[in-house]
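Data first, discussion second: the structure below is written as structure tokens.
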Amino acid sequence: MPHRLTRSLQGLILLGLCIFFASKAINGQLTWYINARFIPLTLFGILFLAILAQTVFAEVRRSRAEDDEHEHHHEHQHSPIGLWVMLIPLLIGVLIPPRPLDSSAFTSKGLNTNAPLVSAESSAQLFETESEERNILDWLKLFNYNSDVAQFSGQQASVIGFVYFDEALGENQFYVSRFVVSCCAADGFAIAMPVQWNDLTSLEQDSWVQVKGTIEAVVIDDRNVPLIVAESVQEVPVPERPYLFP
Amino acid sequence: MQNTTSPTRPSKNLIIIIAVAVLIITASSMIPATFFSWLADRLNVFATVFLGIFVEAVPYLLLGTLASGLVEVFLDRDQIARWVSKRPVAASVSGSLMGIIFPVCECGVVPLTRRLFKKGLPLSAGISFLLAAPVLNPIVLFSTASAFGWADMLFWRFFLSFIIAVTVGLVFSIEKDSSNVLQTVLDSHEHTHSYKDLSVIEKIRQAFLITVDEFFDMGRYLVLGTTLAAALQTFISQSTLLAIGSGPILSVLVMLTLAVLLSICSTVDSFVALGFVGTFSFGSILSFLVFGPMVDIKSVMMYTQVFKRRAVFYIVAIPLMMSMLAGLLFNYLGK
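Top line first, the protein sequences correspond to chains E and W. For the first sequence, our numbering gives the first residue as 16, with consecutive numbering after it. For the second sequence, our numbering gives the first residue as 21, with consecutive numbering after it.
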């Protein structure tokens, strides 16, 4: 059995991880890191970490009680490096202010105006959703899986995303963008719709906005892309779930 | 351990620290302010990607280490000897199919395999298990089916994973002396505890303590691998990688690289792979789905805890060759 000090440290780190995950679960920031469908798994993790921490602390108390009775025997030294390494996630989590993926990730993750993901069947259902209910991913899917995109022109759109200014776009245009995460932030990639809006100066890079307007099918880089001719662009707080989960 | 501390050393260190501090301060005053905002941005992406992989992986690692603890306490060597044949082919095949009983992903499979080796599992069975279990298990069956349907992709993914795992297992069956392959701590001749006389509650308590030790043992490699994967993702542009990824050969190479870089869990990687349908060929996505669960940055880090370096090389290289070959064949034979 490992040294008692090692055990105590193990218990503290397990407890630390448990509290860290639990705080993320409570303040809703788990969805900044993983797809919401895996939250139950994390909740199991929190519970099990607490049980393990409790088991370890009980073991420490027990070995201390045993020590009082008789002199102690040999103790294998457990490499303490393993313990300190497990502090890295806690340090990263606590010291670096949390922020969901935004345009600063574009340099490594890129920006897409097409949505090559998800099975084809889900695009069919999209025709039945109200056009104002569709999110950025839904619009891109519709434009991806249909050759006749003119039918969408003139439909009302209302989407939420963050602002991204791209010099490649025309005058008075910006992207309203969103990250799509299937598993965790590691596989996240950004998708975007161009927006036509006259008052760009009032907008800030990475600020969250709700864009309302009508759809117009345009061609960018030989691809059919839904552009929103905006009637209103309103600043909104960061949504509870900043990523879209396909 | 160095216990000879010379009295001059602390002051020397102090001078070095001051010199470095002065250097950093002067250097930083010359660096434009945009550099720092760039660095802060990179750091944020790094932290988010790191925590993404870590938060996702910890529950699976916990499940794997728990399985390992339960195996240690509740299974004894005779039972394993009875179940698993020592003949190479039978051992590799049964090892490959053991994932059906132990549904673990690539984070969880390593501690469990290590434990099974300690319990006397034959080498080839353990290696086949290690490579196959992250795919050949019910959870991945359903996640792959829900992403790709009960179709070709599912069949070929499972079939190829099975073939590769059996092949690598057979290669290792040539080695009769497992101490040439396994890290010395695993030499199964060490004395084993007997848990037979303990009550069930006491057994579970022991299993939990083993779980904790394994969690820390394996967790540090998970953390190091995740750090590396997140750093690479922060600084290597995924979009350029994808942009060069056309053509029958390059597409396979890019998807194999991506499988290693992304280091995502095998239980969910099919949803990620789905994102590449349309941009990438059937063969290249298949090689991603076959190779990714066997080898990625964090799992290789963990392998070094179980195997000697030369063995890790073969465990990485053979699946790499075979999944690359499979991807190329599909690309050229049309699919």
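The beta carbon of each residue, even a glycine, is placed where N, CA and C say it ideally should be.
Rounded C-alpha distance that separates A167 of chain W from C125 of chain W: In this structure, the alpha-carbon of A167 of chain W lies about 17 Å from that of C125 of chain W.
Can you list the residues of chain E that S283 of chain W reaches, using a CB-CB cut of under 9 Å? Taking a Cβ-Cβ threshold of 9 Å, the residues of chain E close to S283 of chain W are A201, in chain order.
Does any CB atom of chain B fall closer than 8 Å to the CB of Q253 of chain W? Among the chains of the structure shown, chain B does not appear; the protein chains present are E and W.
Answer yes or no: do I230 of chain E and A172 of chain E have a C-beta to C-beta separation smaller than 8 Å? In this structure, A172 of chain E lies closer than 8 Å to I230 of chain E by Cβ.
Would you mind working out which of W:F66, W:L81 and W:F327 sits nearest L116 of chain E, comparing C-alpha positions? Ranked by how close their Cα comes to the Cα of L116 of chain E, the residues W:F66, W:L81 and W:F327 have W:F66 in first place.
Could you tell me whether any Cβ in chain E is nearer than 8 Å to the Cβ of S266 of chain W? Not one chain E Cβ lies under 8 Å of S266 of chain W.
Does any residue of chain W bring its CB to less than 8 Å from the CB of L105 of chain E? No, because no Cβ of chain W sits closer than 8 Å to the Cβ of L105 of chain E.
Straight-line CA distance for M21 of chain W to I96 of chain E? Because the pLDDT of M21 of chain W is 42, which lies under 50, any placement of that residue in the model is unreliable, and the number read from its coordinates should be weighed accordingly. Between M21 of chain W and I96 of chain E, the C-alpha separation is close to 14 Å.
Are the CB atoms of K139 of chain W and L95 of chain W within a distance shorter than 8 Å? Contact: yes.
Residue from E:W99, E:E219, E:K124 and E:S168 with nearest C-alpha to Y190 of chain E: The candidate whose alpha carbon is nearest that of Y190 of chain E is E:E219.
For the ligand SAM, is there a heavy atom less than 7 Å away from the beta-carbon of P261 of chain E? This structure does not include the ligand SAM; it has no bound ligands of any sort.
Whose Cβ in chain E lies nearer than 8 Å to the Cβ of G239 of chain W? G97, V100 and M101, listed in chain order.
Short CB-CB distance (under 8 Å) between N64 of chain W and chain E: Yes, because at least one Cβ of chain E sits closer than 8 Å to the Cβ of N64 of chain W.
Is the stretch 234 to 247 of chain E touching the stretch 144 to 160 of chain E, taking contact as three or more C-beta pairs under 8 Å? Yes, the stretch 234 to 247 of chain E touches the stretch 144 to 160 of chain E.
With 7 Å as the limit, tell me which residues of the stretch 68 to 82 of chain E have their beta carbon closer than that to any beta carbon of chain W; keep them in chain order. Of all residues in the stretch 68 to 82 of chain E, only T70, V71 and E74 come within less than 7 Å of chain W when Cβ atoms are compared, listed by chain position.
How many angstroms separate the CA atom of Q249 of chain E from the CA atom of M208 of chain E? Approximately 16 Å between the Cα atoms of the pair.
Determine whether the beta carbon atoms of L282 of chain W and V292 of chain W lie at a separation below 8 Å. Against a cut-off of 8 Å, the Cβ pair of V292 of chain W and L282 of chain W comes out as a contact.
Chain-order list of residues whose beta-carbon lies under 8 Å from that of L62 of chain E (same chain, five-residue window excluded): Counting only Cβ-Cβ distances below 8 Å, and skipping sequence neighbours, we find nothing.
May I ask you to report which of helix, strand or coil DSSP gives Y80 of chain W? Under the three-state reduction of DSSP output, Y80 of chain W falls in the helix class.
Chain W beta carbons: is any one of them nearer than 8 Å to that of Q25 of chain E? So yes, Q25 of chain E belongs to the interface.
Please state the DSSP three-state secondary structure of W170 of chain W. W170 of chain W: coil per DSSP, three-state reduction.
Please identify the residue among W:L202, W:V272 and W:I36 whose C-alpha is closest to the C-alpha of D333 of chain W. First, the amino acid is wrong: residue 333 of chain W is Phe here, not Asp. When each option's Cα is compared against that of F333 of chain W, the closest is W:L202.
Take the Cβ of G253 of chain W as the centre, count every other Cβ of all protein chains shown within 10 Å, and call the residue buried at 16 or more, exposed below. Checking the displayed sequence, the identity of residue 253 of chain W turns out to be Gln instead of Gly. Looking at its Cβ environment, which holds 16 or more other Cβ atoms inside 10 Å, Q253 of chain W is buried.
Given that a residue counts as buried once 16 or more other Cβ atoms are within 10 Å of its Cβ, and exposed if not, what is E90 of chain E? Its pLDDT being 48, under 50, E90 of chain E is placed unreliably by the model, and nothing is read from it.
Since A57 of chain E meets chain W, which of its residues come closer than 9 Å, beta carbon to beta carbon? Ala is not the amino acid found at residue 57 of chain E; the sequence shown has Thr there. Near T57 of chain E (Cβ distances below 9 Å), the residues of chain W are V75, E76, V78 and P79.
Hey, would you say D214 of chain E sits closer than 8 Å to V178 of chain E, going by beta carbons? No, these two residues do not count as a Cβ contact at 8 Å.
Going straight from the alpha carbon of R62 of chain W to that of G72 of chain W, what length do you get? If I take the Cα positions, the gap works out to 15 Å.
Against chain E, with Cβ distances strictly below 8 Å, would S31 of chain W count as a contact? The C-beta of S31 of chain W comes no closer than 8 Å to any C-beta of chain E.
Assign F162 of chain W to buried or exposed, taking buried as 16 or more other Cβ atoms, counted over all protein chains shown, within 10 Å of its Cβ. In summary, F162 of chain W is exposed, with fewer than 16 beta-carbon neighbours lying within 10 Å of its beta-carbon over all protein chains present.
Mind checking which residues open and close the beta strand (DSSP E) that includes T229 of chain E? Looking at the DSSP string, the run of the beta strand (DSSP E) that includes T229 of chain E is W223 to I235.
Name the DSSP beta bridge partners of V178 of chain E, please? BP columns for V178 of chain E point to E:V191.
Touch check for the stretch 229 to 240 of chain W and the stretch 70 to 84 of chain E: three-plus C-beta pairs under 8 Å? The answer is yes - the stretch 70 to 84 of chain E touches the stretch 229 to 240 of chain W, with three or more Cβ pairs under 8 Å.
By DSSP, does V251 of chain E sit in helix, in strand, or in coil? Under the three-state reduction of DSSP, V251 of chain E is assigned to coil, being neither helix nor strand.
Classify P209 of chain E as helix, strand or coil using the three-state DSSP reduction. P209 of chain E: strand per DSSP, three-state reduction.
For V124 of chain W, which three-state DSSP category applies? Residue state for V124 of chain W is assigned as coil, using DSSP reduced to three classes.
So the alpha helix (DSSP H) V164 of chain E belongs to, where does it begin and stop? For V164 of chain E, no alpha helix (DSSP H) encloses it, and the DSSP letter there is neither H nor E.
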